[in-house]
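Protein chains: 2
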Amino acid sequence: MAKEFTRQHEVVYYECDRTGSMTIPMLISIAIRISEEQSDQLNRGTDFIQSFGVTWILTNYHVTISRLPQVGETVSVTTKAQEYNKYFCYRTFWFYDEAGNELVKIESVFALMDIHTRKMSRVTEEIIAPFESEKISKIRRFGQLTKLDKEKPYTQLPYRVRFYDIDSNQHVNNAIYFNWILDALGYDFLNQHQPKSITIRYEKEVSYGNQIDSLVQIDETTICSRHLIQVGDDRCCEAEIEWQKK
Amino acid sequence: MAKEFTRQHEVVYYECDRTGSMTIPMLISIAIRISEEQSDQLNRGTDFIQSFGVTWILTNYHVTISRLPQVGETVSVTTKAQEYNKYFCYRTFWFYDEAGNELVKIESVFALMDIHTRKMSRVTEEIIAPFESEKISKIRRFGQLTKLDKEKPYTQLPYRVRFYDIDSNQHVNNAIYFNWILDALGYDFLNQHQPKSITIRYEKEVSYGNQIDSLVQIDETTICSRHLIQVGDDRCCEAEIEWQKK
Numbered sequence: 229m230a231k232e233f234t235r236q237h238e239v240v241y242y243e244c245d246r247t248g249s250m251t252i253p254m255l256i257s258i259a260i261r262i263s264e265e266q267s268d269q270l271n272r273g274t275d276f277i278q279s280f281g282v283t284w285i286l287t288n289y290h291v292t293i294s295r296l297p298q299v300g301e302t303v304s305v306t307t308k309a310q311e312y313n314k315y316f317c318y319r320t321f322w323f324y325d326e327a328g329n330e331l332v333k334i335e336s337v338f339a340l341m342d343i344h345t346r347k348m349s350r351v352t353e354e355i356i357a358p359f360e361s362e363k364i365s366k367i368r369r370f371g372q373l374t375k376l377d378k379e380k381p382y383t384q385l386p387y388r389v390r391f392y393d394i395d396s397n398q399h400v401n402n403a404i405y406f407n408w409i410l411d412a413l414g415y416d417f418l419n420q421h422q423p424k425s426i427t428i429r430y431e432k433e434v435s436y437g438n439q440i441d442s443l444v445q446i447d448e449t450t451i452c453s454r455h456l457i458q459v460g461d462d463r464c465c466e467a468e469i470e471w472q473k474k
Numbered sequence: 229m230a231k232e233f234t235r236q237h238e239v240v241y242y243e244c245d246r247t248g249s250m251t252i253p254m255l256i257s258i259a260i261r262i263s264e265e266q267s268d269q270l271n272r273g274t275d276f277i278q279s280f281g282v283t284w285i286l287t288n289y290h291v292t293i294s295r296l297p298q299v300g301e302t303v304s305v306t307t308k309a310q311e312y313n314k315y316f317c318y319r320t321f322w323f324y325d326e327a328g329n330e331l332v333k334i335e336s337v338f339a340l341m342d343i344h345t346r347k348m349s350r351v352t353e354e355i356i357a358p359f360e361s362e363k364i365s366k367i368r369r370f371g372q373l374t375k376l377d378k379e380k381p382y383t384q385l386p387y388r389v390r391f392y393d394i395d396s397n398q399h400v401n402n403a404i405y406f407n408w409i410l411d412a413l414g415y416d417f418l419n420q421h422q423p424k425s426i427t428i429r430y431e432k433e434v435s436y437g438n439q440i441d442s443l444v445q446i447d448e449t450t451i452c453s454r455h456l457i458q459v460g461d462d463r464c465c466e467a468e469i470e471w472q473k474k
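From first to last, the protein sequence lines stand for chains A and B. My numbering numbers the first residue of the first sequence as 229 and each following residue consecutively. My numbering numbers the first residue of the second sequence as 229 and each following residue consecutively.
Here it is in structure tokens:
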């Protein structure tokens with residue numbers, strides 16, 4: 229059984245949108261912070277990992293939302309690195325309210341990237357052992373993702389990568405993509421809907437100086453939005469979000 | 229003597245830039261959070277204030293920086309609402325490191341805005357009394373601000389207001405302006421310099437749907453940058469930042 233790690237978090241106004249619900253970028257950032265704390269506690273922090281010339285990157289998230297954390301409440305966040313194979317680590321996060329109800333579940337896929345070649349690197353025993361994750365041979369798939377269909381109408385907005393979007397891995401932080409993805413839906417849509425599930429796949433790094441396009445297509449019948457982040461013709465990230473009316 | 233309020237804050241990675249220094253928008257957001265906590269403690273929280281049909285807005289900041297808080301450290305933030313006059317409240321924040329050294333001082337000017345007319349409203353005893361601020365008759369000026377000179381060369385970048393930029397006052401949150409102001413300086417400048425002081429004046433609200441321009445002019449001799457945020461020809465915000473080489 230993989231080691232669990234839990235931490236309380238008090239939700240404050242600058243983590244929330246205008247209605248007081250935690251934003252998705254902040255939800256993701258807080259989850260990643262908790263996993264970094266567990267890594268530090270197990271002496272597998274950033275410095276240790278980078279001493280092998282590699283760094284953790286995120287390749288997928290599948291987020292299931294019962295209710296978003298609200299400003300003023302204290303949530304409890306639990307995580308464990310459940311499984312791993314040759315190239316991927318599968319870590320889950322759970323957000324609970326004070327009564328113990330599950331608010332959000334985040335399934336994530338981590339990989340190691342060689343800092344110099346920017347290519348994926350194998351997961352080694354030395355890095356993974358203290359988490360007591362189960363070694364598996366298969367590759368897990370999280371959430372079916374229906375791609376945006378460029379043959380059908382879609383909208384497209386340009387965004388410029390900002391200095392603050394870049395993290396210590398010298399590329400756009402994975403949480404920032406949600407700003408581009410969600411913002412492209414527009415004020416009225418975001419005001420009237422809340423997300424039920426999010427599936428996202430990162431395909432290519434985005435760097436400072438890039439101008440990205442955020443493409444979005446809404447399936448009105450299922451209230452699903454399909455998203456593509458691209459730099460020129462390069463596909464960098466795809467996502468699908470299921471919504472419900474507020 | 230005005231009542232003091234202090235809180236510890238642990239600096240985490242998503243509050244920092246790629247070099248591990250706390251970002252200016254986050255510095256401001258954390259300060260405002262601490263002042264909200266003091267207000268809540270004194271039963272002068274948002275709901276109480278809004279029951280009079282008004283809301284707090286920020287009109288000025290003057291920030292003096294010895295060193296920015298760094299990822300992993302715990303800082304102590306102290307605030308008090310020192311003085312007020314007919315229309316303005318003067319509140320100061322101090323950030324200290326664990327040894328008690330002052331890292332950052334933020335002098336701020338708050339005013340009350342009528343939620344419906346969007347005009348300034350008088351500061352009443354009912355709202356201000358519990359803070360035990362000193363009543364003064366004069367209007368304080370914080371930091372001389374040399375304006376950007378449009379007769380001289382400057383650079384200009386467009387930014388679109390995003391959904392997440394809007395706060396519960398239904399306008400762009402005051403911390404967001406720092407994203408536009410700083411980002412316009414570019415990667416190389418931001419990597420090579422750190423701010424010593426910041427003076428900012430908010431003049432006009434910015435709303436969702438606005439496209440703003442961030443203008444910047446650098447005085448190479450003094451290493452001062454002068455900034456203007458405008459919507460069309462409307463001046464919304466002016467700032468001056470003193471820098472030093474890293």
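C-beta atoms are modelled at their ideal positions from N, C-alpha and C, and glycine is treated no differently.
Same chain, Cβ closer than 7 Å to residue i, neighbours up to 5 away in sequence not counted
{"i": "G477(B)", "result": "This structure gives no information on residue 477(B), because the portion of chain B shown stretches from 229 to 474."}
{"i": "S349(A)", "result": "V282, L340, M341 and D342"}
{"i": "Y382(A)", "result": "L376, L443, V444 and Q445"}
{"i": "M250(A)", "result": "V239, E243, C244, L296 and P297"}
For residue j and residue i, the rounded distance between their alpha carbons
{"i": "I409(A)", "j": "Q420(A)", "result": "16 Å"}
{"i": "D245(B)", "j": "K424(A)", "result": "31 Å"}
{"i": "T318(B)", "j": "E243(B)", "result": "The amino acid occupying residue 318(B) in the given sequence is Tyr; Thr does not appear at that position. Distance between the alpha carbons of Y318(B) and E243(B): 26 Å."}
{"i": "E433(A)", "j": "R261(B)", "result": "34 Å"}
{"i": "Y387(A)", "j": "E448(A)", "result": "25 Å"}
{"i": "A230(A)", "j": "F276(A)", "result": "20 Å"}
{"i": "I364(B)", "j": "S453(B)", "result": "33 Å"}
{"i": "S442(B)", "j": "V291(B)", "result": "20 Å"}
{"i": "S263(B)", "j": "T320(B)", "result": "10 Å"}
{"i": "G300(B)", "j": "L376(B)", "result": "37 Å"}
{"i": "T302(A)", "j": "T302(B)", "result": "20 Å"}
{"i": "E232(B)", "j": "E360(B)", "result": "10 Å"}
{"i": "Q298(B)", "j": "E470(B)", "result": "20 Å"}
{"i": "N329(B)", "j": "H237(B)", "result": "15 Å"}
{"i": "C464(A)", "j": "K378(A)", "result": "15 Å"}
{"i": "S257(B)", "j": "H344(B)", "result": "25 Å"}
{"i": "T427(A)", "j": "R368(A)", "result": "14 Å"}
{"i": "D268(B)", "j": "T274(B)", "result": "8 Å"}
{"i": "V400(B)", "j": "Q278(B)", "result": "18 Å"}
{"i": "Y392(B)", "j": "V240(A)", "result": "14 Å"}
{"i": "L207(B)", "j": "K366(A)", "result": "Residue 207(B) cannot be examined here, being either before or after the span of chain B that is shown, 229 to 474."}
{"i": "E326(A)", "j": "Q398(B)", "result": "29 Å"}
{"i": "A309(A)", "j": "K333(B)", "result": "41 Å"}
{"i": "E265(B)", "j": "T352(A)", "result": "46 Å"}
{"i": "E466(B)", "j": "A403(A)", "result": "30 Å"}
{"i": "F323(B)", "j": "E311(B)", "result": "20 Å"}
Closest by C-alpha distance to residue i, when choosing among the options
{"i": "N235(A)", "options": "M229(A), G248(A) and T307(A)", "result": "A small fix is needed here, since residue 235(A) is Arg in this sequence, not Asn. Comparing Cα-Cα distances from R235(A) to each of M229(A), G248(A) and T307(A), the minimum goes to T307(A)."}
{"i": "D416(B)", "options": "L376(B), L373(B), E330(B) and K473(B)", "result": "K473(B)"}
{"i": "I440(B)", "options": "D461(B), T450(B), I428(B) and I451(B)", "result": "D461(B)"}
{"i": "S396(B)", "options": "V239(A), G248(A) and F233(A)", "result": "G248(A)"}
{"i": "L413(A)", "options": "E311(A), A327(A) and E468(A)", "result": "E468(A)"}
{"i": "N313(B)", "options": "Y382(B), I343(B), Q422(B) and I356(B)", "result": "I356(B)"}
{"i": "I293(B)", "options": "E326(B), F233(B) and L255(B)", "result": "L255(B)"}
{"i": "M341(A)", "options": "W284(A), N401(A), E330(A) and T302(A)", "result": "W284(A)"}
{"i": "K380(B)", "options": "H455(B), F391(B) and A309(B)", "result": "H455(B)"}
{"i": "K347(B)", "options": "A327(B), W322(B), L296(B) and Y315(B)", "result": "Y315(B)"}
Contact set for residue i: own chain, Cβ-Cβ below 6 Å, skip 5 residues either direction
{"i": "F406(A)", "result": "I252 and P253"}
{"i": "T287(B)", "result": "V337, A339 and Y430"}
{"i": "E335(B)", "result": "H290, T320 and F370"}
{"i": "L385(A)", "result": "A412 and S442"}
{"i": "A259(A)", "result": "F321 and I334"}
Three-state class that DSSP yields for residue i in the structure shown
{"i": "Q384(B)", "result": "strand"}
{"i": "P227(B)", "result": "In the structure as shown, chain B starts at 229 and stops at 474, and residue 227(B) therefore has no counterpart that could be examined."}
{"i": "Y315(B)", "result": "coil"}
{"i": "I457(A)", "result": "strand"}
{"i": "D395(A)", "result": "coil"}
{"i": "D441(B)", "result": "strand"}
{"i": "P297(A)", "result": "coil"}
{"i": "L286(A)", "result": "strand"}
{"i": "L418(B)", "result": "helix"}
{"i": "Y436(B)", "result": "coil"}
Chain-ordered neighbours of residue i on chain C, where CB pairs are closer than 9 Å
{"i": "T234(A)", "result": "Judged by its chain identifiers, the structure shown contains no chain C, and its protein chains are A and B."}
Sequence-distant residues of the same chain with beta carbon closer than 8 Å to residue i, five excluded per side
{"i": "I451(B)", "result": "H421, E470, W471, Q472 and K473"}
{"i": "Q458(B)", "result": "I440, D441, L443 and C464"}
**Report entry** Residues in the stretch 303-314 of chain B having any Cβ partner in chain A nearer than 8 Å
**Finding:** Those residues of the stretch 303-314 of chain B that come within reach of chain A (Cβ to Cβ, closer than 8 Å) do not exist; the list is empty.
Against chain B: residues of the stretch 322-335 of chain A by CB proximity under 8 Å: Taking 8 Å as the Cβ-Cβ cut-off against chain B, none of the residues of the stretch 322-335 of chain A qualify.
Give the residues from the stretch 393-409 of chain B that approach chain A closer than 8 Å (Cβ to any Cβ), ordered along the chain.
-> Here the close residues are I394, D395, S396, Q398, N401, A403 and N407.
What residues from the stretch 250-263 of chain B come within 7 Å of chain A, judged by C-beta to C-beta, listed N to C? Listed in sequence order: T251, S257 and R261.
Check: In chain order, what residues of the stretch 416-442 of chain A put their CB closer than 7 Å to some CB of chain B?
Finding: So the list reads L418 and Y436, given in the order they occur along the chain.
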